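At position 117 of the sequence shown the residue is numbered 207 (the numbering used here), and the sequence of numbers has no breaks.
The C-beta atom is built at its ideal place from N, Cα and C for all residues, glycine as well.
Keep in mind it's a predicted model, so treat the numbers as computed, not measured.
Take a look at the structure set out below.
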Amino acid sequence: MPTLSDILDDYELLEPDDRYRLLIDLGKSLEPMPDALKTDATLVRGCSASVWVYPTSDGDRLHFLADSNAAITKGIIALVLLTVQDRTPDEIMAAPIEELLAPFDLKNQLSSNRTQGIPNMIALIRETALRYA
Numbered sequence: 091m092p093t094l095s096d097i098l099d100d101y102e103l104l105e106p107d108d109r110y111r112l113l114i115d116l117g118k119s120l121e122p123m124p125d126a127l128k129t130d131a132t133l134v135r136g137c138s139a140s141v142w143v144y145p146t147s148d149g150d151r152l153h154f155l156a157d158s159n160a161a162i163t164k165g166i167i168a169l170v171l172l173t174v175q176d177r178t179p180d181e182i183m184a185a186p187i188e189e190l191l192a193p194f195d196l197k198n199q200l201s202s203n204r205t206q207g208i209p210n211m212i213a214l215i216r217e218t219a220l221r222y223a
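See below:
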């Protein structure tokens with residue numbers, strides 16, 4: 091996976107339609123999430139599309155599997171995960187996720203339907219980190 095900074099460098103140079111394609115491609119690069127993990131327990135509430143996030147622990151680090159039934163939303167969750175993937179619970183809780191995503195200006199680039207679930211994705215990830223801390 092490229093870094094968030096690398097993606098932002100590309101994103102800033104693109105026209106809106108190309109930004110959609112970049113998000114879609116980013117979503118395609120997510121690690122596959124087995125269908126058995128796409129349950130009501132892993133479903134992120136408040137998203138217009140279905141989004142599932144499942145944490146795994148590798149020693150003291152959390153690794154998240156995620157998927158969505160909407161291609162652009164899948165790209166958004168990939169962006170969110172780039173800010174926290176394979177970090178310790180304390181690092182995740184301290185991560186300024188919203189600040190790291192702010193340069194992408196998703197609220198103005200995408201429809202409100204596409205972005206309304208982002209705070210819920212972030213909250214679920216932080217709650218998960220808190221449970222593991």
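CB contact flag (isoleucine 212, glutamate 188, <9 Å): For the purposes of this step, residue 212 is taken as the residue at position 122 of the sequence shown. For the purposes of this step, residue 188 is taken as the residue at position 98 of the sequence shown. Result yes, Cβ atoms of isoleucine 212 and glutamate 188 sit closer than 9 Å.
Alpha carbon of glutamate 181 to alpha carbon of isoleucine 97, nearest angstrom: On the sequence shown, position 91 is the one that residue 181 refers to. On the sequence shown, position 7 is the one that residue 97 refers to. Taking the straight line from one Cα to the other gives about 21 Å.
Any alpha helix (DSSP H) of 4 or more consecutive residues that is wholly inside the segment 153-190: 161-172 and 179-184
Inter-residue Cα distance where the pair is lysine 197 and serine 147: The residue given as residue 197 occupies position 107 in the sequence shown. The residue given as residue 147 occupies position 57 in the sequence shown. Rounded to the nearest angstrom, the two C-alpha atoms are 31 Å apart.
Separation of proline 193 from aspartate 107, as counted between CA atoms: For this step, residue 107 is matched to residue 17 along the sequence shown. For this step, residue 193 is matched to residue 103 along the sequence shown. Near 17 Å, if we compare the C-alpha coordinates of proline 193 and aspartate 107.
Assumed close pair valine 143, alanine 156 - CB separation to whole angstroms, cut-off 8 Å: Working through the sequence shown from its first residue, we reach residue 143 at position 53. Working through the sequence shown from its first residue, we reach residue 156 at position 66. The beta-carbon distance between valine 143 and alanine 156, rounded to whole angstroms, is 5 Å. This is short enough to meet the 8 Å contact definition.
Reduced DSSP category for leucine 133 - H, G, I as helix; E, B as strand; rest coil: Position 43 of the sequence shown, counted from the first residue, corresponds to residue 133. Leucine 133 falls in the strand class under three-state DSSP.
Alpha carbon of glycine 136 to alpha carbon of serine 202, nearest angstrom: On the sequence shown, position 46 is the one that residue 136 refers to. On the sequence shown, position 112 is the one that residue 202 refers to. Computed Cα separation, rounded: 12 Å.
Backbone secondary structure at aspartate 195 - three-state DSSP: In the sequence shown, counting from the first residue as 1, residue 195 sits at position 105. The answer is coil: DSSP assigns aspartate 195 none of H, G, I, E or B.
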